[in-house]
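Enquirer: Please read through the structure below; I'll follow up with questions.
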Amino acid sequence: MRFVHTSDWQIGKVFRFADDDTQSVLQDQRLEVIGRLGQLARAQGAAAVVVAGDIYDHEIPVERTLRQPIERMRQFPDLCWHLIAGNHDPHVPGGIWDRLRAIGLPDNVTAHLDGQATPMDPAGTAWVIPGGLKRRHVATDPTADMDTAQTPPGVIRVGLAHGSVRDFGDTAHNPNRIAIDRARQAGLSYLALGDWHGMQRIDERTWYSGTPEIDGFDRGGDGGGNALVVELAGPNARPEVTSHRVGRFVWHRDSATLTGTQDIAALEHRLRNIDPQEAGRVLVWLSVRGALSLEDLQAYQNTLDALSSALRLLRVDGEPTLLPRADDLDLFGTGAVREAARLLSERAATGPEEQRDIAVAALRRLALAVHAAPGGKGDAS
Amino acid sequence: MILHGLEVAQLRKFIAPTRLCGLGPGLNVLAARNEFGKSTLLAALRAAFLLRYSSTSQPVRDLLPLSDRGAGPTVRVDFSIGDMSCQMEKRFLSRSSMTLQIGGETFRNNDAEEQLQQIMGLEAQARGEAKSIWSALWVTQGDSLRQPDLSGRAGDRLTACLEGELGNITGGAEATRLLATVREERAVLLDGRGHPRGRYKSAIAEEEAAIAEIARLVERRRVLEDDIETLAEQRRLLHHADDATRHEQEMADLAQARHERERLHQHAGRLRAAQAEVRVAQGALDLVKEDITRRATLETRQQQLRARATELRGAMEAARQRLARAEQAHAERQHDLDRAMTQLRDAREVHARVRRREQAGLWHRERADAITLVTRLEDAARDVAQAEVHLATCRVDDAMIDRLRAAERAADRATAQCRAYATRLEFGLLPDMARQVSINGVPLNDVVQNDVVQSGAAVEITTATTLHIAGIGDIRIQPPGDSDRDRALAARTQAREALAQLLARAGCDDMAQALDAHAAWRQAERAVSDARKKQIHLLPADMTDAAAALATAKARIMDLDRQLAGVEDNDAAATLPPLSDAQAAVSAAEARVEAARAALLRPDGENRQARDMLTRHETELEQATQQLEQVTRELAAERVSQPDEALSARRDAAQAARDAAERAVRACEADYPDVEEAMVDAKISRLERALEDRRTRVGELRQSIAALSSRIEIAEGDGLDERIAGQERLRDGHARERAECARQVEILTLLADTLATTAREATEQYLAPLTRAMEPALRGLFPKAQVTLGQDFSITAMTRNTHEQFGDLSDGTREQIAVLARLGMADLLHTRGQHAMVILDDALTFSDSGRMERMFDILTEMSQRMQIIILTCRAEQFAGLGARRLSVVSE
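Protein sequence lines correspond, in order, to chains X and B. For what it's worth, the numbering used here labels the leading residue of the first sequence as 24, then goes sequentially. For what it's worth, the numbering used here labels the leading residue of the second sequence as 6, then goes sequentially.
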């Protein structure tokens, strides 16, 4: 038996930090990855795809968002898609799953909402034992009923659940907690889990697939972008799990301390080489600190402008401060403008801490204005 | 720069080519009347240097002649800059073009504009208009009160000159330029009052809008959650309400309760029947008891009636005796009345005879009066008749005398008319000579009195007359004859005849006699009247006819005679008492009769009481007797129908029957179910209501669930969560944009403040030489005065004895300072080797003659270094300037 394990599609997710264009592209790719999952299943000879919760990001999505993943799955009638509710889309009365049921799901899509074991494919060699969530947070183990779930003898029992096998330090509030040895307790051949966005192996029969399309800079595991192809020769056979890249975007978080042009160049080189073939797939969250001379600040700004155009997204926190140098003031000539630059430089170096950033920016702006002026000092140099 | 020639055509009022002649270095004055076109020439000059030839802006359109709006205004200028000689020609609007010759080189159109800007240092502005130091130095009419606008390149050039004056670069101009740039950038984000604008304002507004939308969506989300919870609750309630088991149980409970109530009704029926039996038995017993009681009552009543009859008979005997005594007393009072009545009749008889005697005396007196009246009436009638006879003999009454007077007046009028036609002879004769004269044979003395003749008597002659004078002869006088005189004579004759006839009828000879006769007639008439009045006085008040009164009086005498004949003789009457005594006797008799009658009619209480008592006793006895007979009959009848023994037996049987019925009721009550019918009814009602409520509730819940489901479906279809997330993303984006704008504002503000500080410091350094450049000219006019300059080179204040703000100075002083400032700037530019030329259009209009003289000196001194052109309408005032006289020549 071979199937694809995926989770946490979170269709309709909103990326608050992104501009409209990027937001549109990111949302679009979260839908497109469903097609890539289907193609992966076909390519790998899998008969089914199990989605371990959080198909939607919101409990109440708009109608179009609600229908979009269903329509994508409908395009693969040869595959059986098995869905459960996650903490983002719990099966609450009158909720999203009731809406889906009212709409009517395609024959090849099964929403496991009642906790009953169901054949994974028409052959019935494997049965899905679902553990979907009926609320956003449940205090009990959503997989607890798997231990007693009835399946025909000799079939492969595949658990499908959404939750965490670890408490992440918050023992007081630890909802949707799943027993880490649930696969063994429930006699599962494989426990397909969702909730963690990075792929994670818990044990040989328990895996988190991670989200197929990365949606943040700070996700656990490998950050996501993969789907798992699971091969089960029989109920007691050890699952053969292989990870396949299905995500499009590379989410990269970086930091740099800049003190000169070399650091700027190194940073640029590093960021451009995250995906040198297709930088438009790369989203970068950069934390910057350091101190630069006025000219280096200009160079740094130019670099940022270039990278912002090259990358899908460049988010920058912080900026290098101005490293005052005596000859920097020469850039401003000898008159009132130089005096203004001197005052700003002094303020940037010794002024109130909360205003230094403003003074640096003002100084940079003054430098840019002086150099941009016809016959400015920059032209002369 | 020196302007050598200016020619315009098709420009406002100058349609034909018109040239300004006489221009040269130094002072130039064009003095001409108002509306000559001086300002038009300056406008043409400004357009040539400051406006692009291709411009269609309003200042260019203002150059069009009024008579031809399709023309192309043309300006041709000859000028030199240093050693460079230039000729420029610009044609605006229609077939616009430009030609510029610099030395031997010619430029056209845009190339020419660029060359012009280059050599003049002009700054391109919006809509093709340029501003420069020239704009400040060429003062148009009405602008002389304002200080020069030195924005843009004009200020830069001035600043450059000033910095050059200092000998080093202060950077003030650069700082000012950068400051302007920074302020422009900040103005993109903040308006003049420091409020956000543009994308900053949009970010704030959109962030607020997103927050509001989020709040709205969250509220909708909350409502949706409430609806979902309500829906779940209502589904639970529906499930509960629609529970078939409960429904069946309640139906069974209802049937049981109804059965219980039926059983209660049946038992209550039996109890009511037993209670009815008790009531029937009790009724029979009560009837027997009533019979026994009534028989005892009859017996008691019989005995009482017998005793009463005996008592009444005794009382009746006493009443009869009392009545007999009362009737005896009544008969005595009737006898007294009869006697009094007899006495009264006797007294009245005597009284009547005395009255008749008194009446006969009256009749005798009345008869004597009547006889007297008859005698007087007969005398009065005789007097009246005699007076009337005498009156009848008098013929001249009032009518006759009136007719006579009228005839006399007519004769007089006719005589007067005849006199009008008469010839008048007046005589003045000697005494005793009148008898010598006669008229128609009548001596004059007979015609007029003698003394009259002597004094001038006159005789009127109406007919032919002969006047004879004795011893002299006759004089015949013939008055002129005509018809009028004849008619007058005839009328006089007729009138006199009529008068004579009337006098004859009255029996008089003349009017005097007639008047006497009339007086006699009046006297006779008064005698008749007096006799009649006397006769009337004798008549009774109700009669006017004297004859009738006389006949009445005579008839009364005869009537009295008849009545007196019936009166008894005087002898019998003499024995009767006086009338007063007879009257008193009658009154006494009447009083006695009244007293007796009153005694008789006075209520007789004793008689009435005795009679009433007797009657009452008789009635009561009769009633008692009747009642006794009735009671006796009833007792006998009852005992015949039911003897006393039978009645007692019947009472015992009824008593036993009632006791048995009461025992049956107590047995039935003891057997009554231990359930309250009201409670059973309440249970039935409750169950029925519960079932009905459930049916209603199920229906309502189903409707509500359908409505809620629909609402939830709609709300979920809106995708609230996703929309909230989307709005939150927008809100965050706008917040970032707002923060970035705020940061940019902060940066730009800091930069602007810093640049402003350093620019001000630099300006303060180079304003000193500008002040020094202005001071010679200023002190020529205002000795010992110092001016204070602002960063825009405007004079902000002047210090003489006191510090005065520019705006507070008089119009004349401000105008002079504004002109001097321009001269100072031009001088500074000239000193630094820059082009400078000053044009003043109708300036110094507020200057008095003293200051005007000093201004002339200043202008003359300045004109040694630069060209100054003055346009004025006051030729005499500027005659003393000693300037070139300009003229305007049209082809």
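Virtual Cβ for every residue (Gly too), placed ideally from N, Cα, C. Predicted, not measured: the structure shown is a model, and the values here were computed from it.
Over what stretch of residues does the beta strand (DSSP E) that includes Ile152 (chain X) continue unbroken?
Expert: By one-based count along the first sequence, residue 152 (chain X) stands at place 129. Start and end: 149-154.
Enquirer: Taking the DSSP output, what are the residues bridged to Arg312 (chain X)?
Expert: Looking up residue 312 (chain X) in the first sequence gives position 289. X:Thr280, per the DSSP bridge assignment.
Enquirer: Figure out for me which residue from B:Ala761, B:Ala386, B:Arg699, B:Ala505 has the closest Cα to the Cα of Ala551 (chain B).
Expert: As a first step, residue 551 (chain B) must be located in the second sequence, where it is residue number 546. The candidate whose alpha carbon is nearest that of Ala551 (chain B) is B:Ala386.
Enquirer: Quick check: the Cα distance between Ile297 (chain X) and Glu318 (chain X), rounded to an integer number of angstroms?
Expert: The sequence position of residue 297 (chain X) within the first sequence is 274, counting from 1. The sequence position of residue 318 (chain X) within the first sequence is 295, counting from 1. The straight-line gap from Cα to Cα measures roughly 27 Å.
Enquirer: Specify the secondary structure class of Thr701 (chain B) as computed by DSSP and reduced to three states.
Expert: Against the second sequence, residue 701 (chain B) aligns to sequence position 696. Helix.
Enquirer: Look at Gln810 (chain B) and Ala802 (chain B) and say whether their C-beta atoms are less than 7 Å apart.
Expert: Position 805 of the second sequence holds residue 810 (chain B). Position 797 of the second sequence holds residue 802 (chain B). It is a contact, given that the beta carbons lie within the stated cut-off.
Enquirer: Going by the DSSP bridge assignment, what does Cys673 (chain B) pair with across the sheet?
Expert: Working through the second sequence from its first residue, we reach residue 673 (chain B) at position 668. Per DSSP, none; premise fails for Cys673 (chain B).
Enquirer: Which residues bound the beta strand (DSSP E) around Ser60 (chain B)?
Expert: As a working note, residue 60 (chain B) is residue 55 in the second sequence. Premise fails: Ser60 (chain B) is in no beta strand (DSSP E) and is neither H nor E.
Enquirer: Alpha carbon to alpha carbon, how far is Asp137 (chain X) from Thr344 (chain X)?
Expert: Stepping through the first sequence from its first residue, residue 137 (chain X) is reached at position 114. Stepping through the first sequence from its first residue, residue 344 (chain X) is reached at position 321. If you take the alpha carbons of Asp137 (chain X) and Thr344 (chain X), they lie about 59 Å apart.
Enquirer: Quick one: complete alpha helix (DSSP H) runs, 4+ long, within the region 439-507 of chain B?
Expert: Complete alpha helix (DSSP H) runs here, min 4: 449-452, 455-460.
Enquirer: Report the residues of the region 853-886 of chain B with a CB closer than 9 Å to any CB of chain X, ordered along the chain.
Expert: Per Cβ criterion, the list is empty.
Enquirer: Output the boundary residues of the alpha helix (DSSP H) element that contains Cys423 (chain B).
Expert: As a first step, residue 423 (chain B) is located in the second sequence; it is residue number 418 there, counting from the start. Start and end: 403-425.
Enquirer: When the Cα atoms are used, what is the spatial distance from Glu611 (chain B) to Arg350 (chain B)?
Expert: As a working mapping, residue 611 (chain B) is identified with position 606 in the second sequence. As a working mapping, residue 350 (chain B) is identified with position 345 in the second sequence. If you take the alpha carbons of Glu611 (chain B) and Arg350 (chain B), they lie about 33 Å apart.
Enquirer: What does the alpha-carbon distance come out to for the pair Glu110 (chain B) and Glu119 (chain B)?
Expert: Here residue 110 (chain B) refers to the residue found at position 105 of the second sequence. Here residue 119 (chain B) refers to the residue found at position 114 of the second sequence. Their Cα atoms are separated by approximately 14 Å.
Enquirer: Please confirm whether Glu342 (chain X) has its beta-carbon closer than 7 Å to some beta-carbon of chain B.
Expert: Translated into the one-based positions of the first sequence, residue 342 (chain X) becomes position 319. Not one chain B Cβ lies under 7 Å of Glu342 (chain X).
Enquirer: Count the other CB atoms within 10 Å of the CB of Lys538 (chain B); is the residue buried (16 or more) or exposed (fewer)?
Expert: Locating residue 538 (chain B) in the second sequence gives position 533, where the first residue counts as 1. That one is exposed.
Enquirer: What three-state label does DSSP hand Arg300 (chain B) in the structure shown?
Expert: Here residue 300 (chain B) refers to the residue found at position 295 of the second sequence. Arg300 (chain B) falls in the helix class under three-state DSSP.
Enquirer: To which residues of the same chain is Arg59 (chain X) closer than 7 Å at the C-beta, ignoring the five residues directly before and after it?
Expert: One-based indexing of the first sequence puts residue 59 (chain X) at position 36. Only Val269 meet the Cβ criterion.
Enquirer: Quick one: using the 10 Å Cβ neighbour count with 16 as the cut-off for buried, is Gln1 (chain B) buried or exposed?
Expert: A question about residue 1 (chain B) goes unanswered here, because the residues of chain B that appear run from 6 up to 896.
Enquirer: Does any residue of chain X bring its CB to less than 7 Å from the CB of Leu183 (chain B)?
Expert: If you number the second sequence from 1, residue 183 (chain B) lands on position 178. Yes, contact with chain X.
Enquirer: Per DSSP, which residues does Asn33 (chain B) bridge with? Please list them.
Expert: Against the second sequence, residue 33 (chain B) aligns to sequence position 28. Answer is B:Ile874, B:Arg889, bridged to Asn33 (chain B).
Enquirer: Can you tell me whether DSSP reads Met93 (chain B) as helix, strand or coil?
Expert: The sequence position of residue 93 (chain B) within the second sequence is 88, counting from 1. Met93 (chain B): strand per DSSP, three-state reduction.
Enquirer: Does DSSP put Val82 (chain B) in a helix, a strand or coil?
Expert: Locating residue 82 (chain B) in the second sequence gives position 77, counting from the first residue. Looking at Val82 (chain B) - three-state DSSP - the assignment turns out to be strand.
Enquirer: Any residues in the region 90-123 of chain X with a beta carbon nearer than 8 Å to a beta carbon of chain B? Which ones, in chain order?
Expert: Listed in sequence order: Val115, Pro116, Gly117, Gly118, Ile119, Arg122.
Enquirer: Note down, in chain order, all residues in the region 70-88 of chain X with a beta-carbon under 7 Å from any beta-carbon belonging to chain B.
Expert: Against chain B - using a Cβ distance shorter than 7 Å - the residues of the region 70-88 of chain X are His81, Glu82, Ile83, Pro84, Val85, Glu86, Thr88.
Enquirer: Are the region 7-26 of chain B and the region 782-789 of chain B touching, with three or more C-beta to C-beta distances below 8 Å?
Expert: Touching, no.
Enquirer: If you check the beta carbons only, do Ala500 (chain B) and Ala416 (chain B) fall under 7 Å apart?
Expert: On the second sequence, position 495 is the one that residue 500 (chain B) refers to. On the second sequence, position 411 is the one that residue 416 (chain B) refers to. Going by C-beta atoms, Ala500 (chain B) is nearer than 7 Å to Ala416 (chain B).
Enquirer: Entirely within the region 40-70 of chain X and at least 3 residues each: give me those beta strand (DSSP E) ranges in chain order.
Expert: The qualifying runs do not exist here; there are none.
Enquirer: Report the neighbours of Thr186 (chain B) on chain X: residues whose CB is nearer than 7 Å to its CB, in chain order.
Expert: The sequence position of residue 186 (chain B) within the second sequence is 181, counting from 1. What Thr186 (chain B) touches in chain X: Ala392.
Enquirer: Compare the C-beta of Gly35 (chain X) with all C-beta atoms of chain B and state if any pair is closer than 7 Å.
Expert: Reading the first sequence from its first residue, position 12 is the one you call residue 35 (chain X). Taking Cβ atoms only, chain B reaches closer than 7 Å to Gly35 (chain X), which makes this a yes.
Enquirer: For the region 361-388 of chain X, list every residue whose C-beta sits within 7 Å of some C-beta in chain B, in sequence order.
Expert: Listed in sequence order: Arg361, Glu362, Ala363, Leu366, Leu367, Ile381, Ala382, Ala384, Ala385, Arg388.
Enquirer: Which ranges does the alpha helix (DSSP H) cover as unbroken runs of at least 4 residues, wholly within the region 152-222 of chain X, from first to last along the chain?
Expert: Qualifying alpha helix (DSSP H) stretches, in chain order: 205-208.
Enquirer: Taking Cβ positions, are Ala529 (chain B) and Asp388 (chain B) nearer each other than 7 Å?
Expert: Reading the second sequence from its first residue, position 524 is the one you call residue 529 (chain B). Reading the second sequence from its first residue, position 383 is the one you call residue 388 (chain B). No. Outside cutoff.
Enquirer: Taking only three categories from DSSP, how would you classify Phe19 (chain B)?
Expert: Sequence index remark: in the second sequence, residue 19 (chain B) carries index 14 (1-based). Here Phe19 (chain B) sits in strand by DSSP.
Enquirer: Chain B beta carbons: is any one of them nearer than 7 Å to that of Arg39 (chain X)?
Expert: As a working note, residue 39 (chain X) is residue 16 in the first sequence. Taking Cβ atoms only, chain B reaches closer than 7 Å to Arg39 (chain X), which makes this a yes.
Enquirer: Excluding the five sequence neighbours on either side, which residues of its own chain have a C-beta within less than 6 Å of the C-beta of Ala469 (chain B), listed in chain order?
Expert: Walking along the second sequence from the start, residue 469 (chain B) turns up at place 464. Answer for Ala469 (chain B): Gln483, listed in chain order.
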